[in-house]
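A.B. asks: Structure in structure tokens, see below.
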Amino acid sequence: MPELPEVEVTRLSFAKDIQGAGVLAARLGKPLRWPLGCDVAQLVGRQVRSVQRRGKYLLIEMSQGWLLVHLGMSGSLRFAQELPPSGVYDHFELVTTLGTLRLNDPRRFGAVVYVDNLTDPQAHKLLGRLGMEPLSDAFDLRQFQAGLGQRKAAIKQVLLAGDVVVGVGNIYASEALFLAGIRPTISAADLSKPRVARLQVAIRDVLARAVEKGGSTLRDFSSADGQTGYFQLEAMVYGRAELPCKACGSTIKMIRQGQRSTFYCPSCQKR
DNA sequence: AGAAAATCCTGGTGGC
DNA sequence: TGCCACCAGGATTTTC
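The C-terminal position of the first sequence is numbered 261 in my numbering, with every residue numbered one higher than the one before it.
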């Protein structure tokens, strides 16, 4: 499941290559989470200006309009001059003068949405409530403290909600809290300022490191399978229930929070 | 009103 | 082998 690092790695892998491409054809497969929002044929003739990212959304800027791409939990993008014939799980394709961009998404939790501009209500509906970008200077400590300070829910769930800081999915939430030594169940509002500061550093570290790891597989992104590069980060706690903590040897615990599994070390994360 | 919790979508996987 | 529960991201809906 692509989290922010995987989305960023995907973006880096084709943003430069597709820049300036003219759209020759476009096709849709099975329905994704939301309808495209325009006739797919209308995309033909437009030029790709840039590929940006907001949270887990890729924003493909064209000479007219934008394509918002979300990979959901099973989506992956390929971009290459030649791609094999499209399969049953390929649900969006953009054939351009520089290559073909293809979305493969078996579970179809992903989406490709067209908007005329990013102030459109439709775009705003998706992007408007997103929190701060964790890897940019916009990830401000005071704002982070203020955001967490008014939330009584468990810190893990507040991170996951994405309205304070974006891009921290289920895996990296557990990992970041471990790095910061914070118990996932503590109320966000109960964290002291120094501990919020530690959490900010931990989130940045774990996400940035994951982007770097993914980056090492960038070269074969367009020739190898699209899954390469996911989960390169060696998890300290995620998926390690009942195994010894890599830091202290205590047994890693798994709990459920809001229908999601959370992993933590009861000794390294006491409160 | 605003926050929190439940729900829903799909297909792969693992247990029995 | 087949069946079924479970899992995942996040918008939407329901509850508090």
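All residues carry an ideal CB built from backbone N, CA and C; glycine is no exception.
Please read these numbers as outputs of a predicted model, since none were measured by experiment.
Can you list, in chain order, the residues of its chain whose CB lies under 8 Å from that of L150, leaving out five sequence neighbours each side?
C.D. replies: Hits under 8 Å: V158, G159, N160, A163, G248 and R250.
A.B. asks: Name the one or two DSSP bridge partners that F253 has.
C.D. replies: M244
A.B. asks: Whole angstroms is fine: what's the gap from V196's alpha carbon to R92's?
C.D. replies: Taken atom to atom, the span from the alpha-carbon of V196 to that of R92 is near 29 Å.
A.B. asks: Kindly indicate which residue of F168, I176 and L131 has the alpha-carbon position closest to the one of V148.
C.D. replies: Comparing Cα positions, the closest option is I176.
A.B. asks: Tell me the rounded alpha-carbon separation between V156 and R246.
C.D. replies: 21 Å
A.B. asks: Could you tell me the distance, in whole angstroms, from the CA atom of R209 to the CA atom of K203?
C.D. replies: Confidence is the limiting factor: at R209 the pLDDT is only 35, short of 50, which leaves the residue's position unreliable, though a coordinate-based value still follows. So the alpha carbons of these two residues sit roughly 12 Å apart.
A.B. asks: To which residues of the same chain is A128 closer than 8 Å at the C-beta, ignoring the five residues directly before and after it?
C.D. replies: M122
A.B. asks: Quick check on DSSP: helix, strand or coil for D29?
C.D. replies: coil
A.B. asks: In the DSSP assignment, what are the bridge partners of M122?
C.D. replies: Note: M122 sits in a beta bridge opposite V155.
A.B. asks: How about R43 and M52: do their beta carbons lie closer than 8 Å?
C.D. replies: no
A.B. asks: Using only the alpha-carbon positions, how far apart do P25 and P75 sit?
C.D. replies: 24 Å
A.B. asks: Expressed to the nearest angstrom, what Euclidean distance is found between the alpha-carbon atoms of L169 and W56?
C.D. replies: 37 Å
A.B. asks: Opposite T90 in the DSSP bridges: which residues?
C.D. replies: For T90, which the question treats as bridged, DSSP gives the partners A70 and V85.
A.B. asks: Can you tell me the Cα-Cα spacing of R194 and A16, whole angstroms?
C.D. replies: Distance between R194 and A16, taken at the CA atoms: about 37 Å.
A.B. asks: Below 8 Å, how does it come out for the segment 107 to 119 and the segment 77 to 84: are there three or more Cβ pairs, yes or no?
C.D. replies: no
A.B. asks: Hey, would you say A101 sits closer than 8 Å to R23, going by beta carbons?
C.D. replies: Yes. Within cutoff.
A.B. asks: Run the CB neighbour count on C238, radius 10 Å, all protein chains shown included, and call it buried at 16 or more, exposed below.
C.D. replies: exposed
A.B. asks: Y254 to L108, Cα distance in whole Å?
C.D. replies: 39 Å
A.B. asks: Straight-line CA distance for N94 to L61?
C.D. replies: 9 Å
A.B. asks: Under three-state DSSP, which class holds Q302?
C.D. replies: Past the edges of the chain, shown from -9 to 261, lies residue 302, and the structure says nothing about it.
A.B. asks: Whole angstroms are fine: how far does the CA of Q37 sit from the CA of A31?
C.D. replies: 14 Å
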